[in-house]
Amino acid sequence: MPTVPVSEPHQVRQIAESFGVDPARYDRTRPAYPEELVARIVSESPGTGLLDVGCGTGIAARQFAARGCDVLGVEPDERMAAFARRQGTDVEVGRFETWDERDRTFDTIVSGTAWHWVDPVAGPVKAARLLPGGGRLALFWHVAEQPEDIATAYADVFRRVVPDSPIPAPPRGGPPRTALGRYLGFLAKVEDGVRAADGLGEPEQWQFEWTRYYTRDEWLDQLPTTGALTRVTPEQLDEILAVVSESVGEGFTMRYTTVVIAAQRD
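Position in the sequence shown (from 1) plus 1420 gives the number in this note's numbering.
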């Protein structure tokens, strides 16, 4: 889910275009998407032409390519795009809203953990224009539910170490399944944008639940790839990771819900 819990994350460009600081780390640590999700999108699409908006290092793009899709990525960060190309994904650099599609259309448009960086009004309008009748728009995010003690330790040290961050401090831990509840307003806004775009049908929401065990080293490797930490100083990052390391112990199980907002072109 978006790592900038503000009303208009697409306007925070210094964060949106900061993930390329270490694309190799991003690619090796960020989780892929449930194969059931990929299979459903492919099965409900009218053809194999697929555009991946905010493709990053190509994590989702490679999954769709493995299922026979002809994938093109569009990515605002040249560093991320270059890494994706080295992994075999065809990528063009640009912000989706202003990217020149050169009169091309796509059977499917997807965006994995990236649509919050797209203008919520202009994005769906452009997507509708690039889809043929029956084409599919599918936007998806991971919602991670950390154990309460780990979430609380991270929130507290982040507030202390980065008090002037452009990203509000993350929420402290709470009862199980609260993470998804925190994003209901965001998801509703995404659905409203899709609903308002002329030519897109009523949005549907799908959910896929799964778990992953992280060792301490695995989690400390992934955490710096979040938008809250891509622009902190090395000293700030070391202090944050030291506190998180103590709270994690040997490792923990993360509960994920991958949420999809899907709509079909009329």
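The beta carbon of each residue, even a glycine, is placed where N, CA and C say it ideally should be.
Bridge partners of residue i, per DSSP?
i: residue 1684; result: 1556
i: residue 1629; result: 1677
i: residue 1531; result: 1559
i: residue 1565; result: 1675
i: residue 1624; result: 1682
i: residue 1635; result: 1671
i: residue 1495; result: 1513
Buried or exposed: where does residue i fall if 16 or more other Cβ atoms within 10 Å of its Cβ makes it buried?
i: residue 1472; result: buried
i: residue 1667; result: buried
i: residue 1674; result: buried
i: residue 1463; result: exposed
i: residue 1496; result: buried
i: residue 1627; result: exposed
i: residue 1506; result: exposed
i: residue 1611; result: buried
i: residue 1625; result: exposed
i: residue 1648; result: buried
i: residue 1478; result: buried
i: residue 1598; result: exposed
To the nearest angstrom, how far is it from the Cα of residue i to the Cα of residue j?
i: residue 1613; j: residue 1459; result: 25 Å
i: residue 1424; j: residue 1586; result: Confidence at residue 1424 is low in this model, with a pLDDT of 45, below 50, so the placement of that residue is unreliable and no value is reported for it.
i: residue 1553; j: residue 1469; result: 13 Å
i: residue 1641; j: residue 1447; result: 11 Å
i: residue 1426; j: residue 1455; result: Confidence in residue 1426 is poor, its pLDDT being 48 and thus under 50, which makes the residue's placement unreliable; the coordinate value appears in the next sentence. Straight-line Cα distance between these residues: approximately 30 Å.
i: residue 1519; j: residue 1494; result: 8 Å
i: residue 1534; j: residue 1452; result: 14 Å
i: residue 1665; j: residue 1570; result: 9 Å
i: residue 1669; j: residue 1542; result: 44 Å
i: residue 1498; j: residue 1439; result: 10 Å
i: residue 1565; j: residue 1449; result: 17 Å
i: residue 1437; j: residue 1516; result: 13 Å
i: residue 1574; j: residue 1514; result: 33 Å
i: residue 1633; j: residue 1662; result: 20 Å
Please check the pair residue i and residue j, which I expect to be a contact at CB under 8 Å, by giving their CB distance rounded to whole angstroms.
i: residue 1556; j: residue 1620; result: At roughly 10 Å, the Cβ-Cβ gap does not stay under 8 Å, so residue 1556 and residue 1620 are not in contact.
i: residue 1582; j: residue 1652; result: 6 Å
i: residue 1681; j: residue 1550; result: Their Cβ separation, rounded to whole angstroms, is 17 Å, which puts residue 1681 and residue 1550 out of contact at 8 Å.
i: residue 1362; j: residue 1617; result: One cannot answer for residue 1362 here, as it falls past the ends of the chain, which runs 1421 to 1686.
i: residue 1678; j: residue 1457; result: 6 Å
i: residue 1511; j: residue 1475; result: 6 Å
i: residue 1695; j: residue 1443; result: Residue 1695 lies beyond the range of the chain shown here (1421 to 1686); nothing can be said about it.
i: residue 1676; j: residue 1631; result: 7 Å
Beta strand (DSSP E) runs contained entirely in the segment 1461-1491, provided each spans 3 or more residues: 1469-1473
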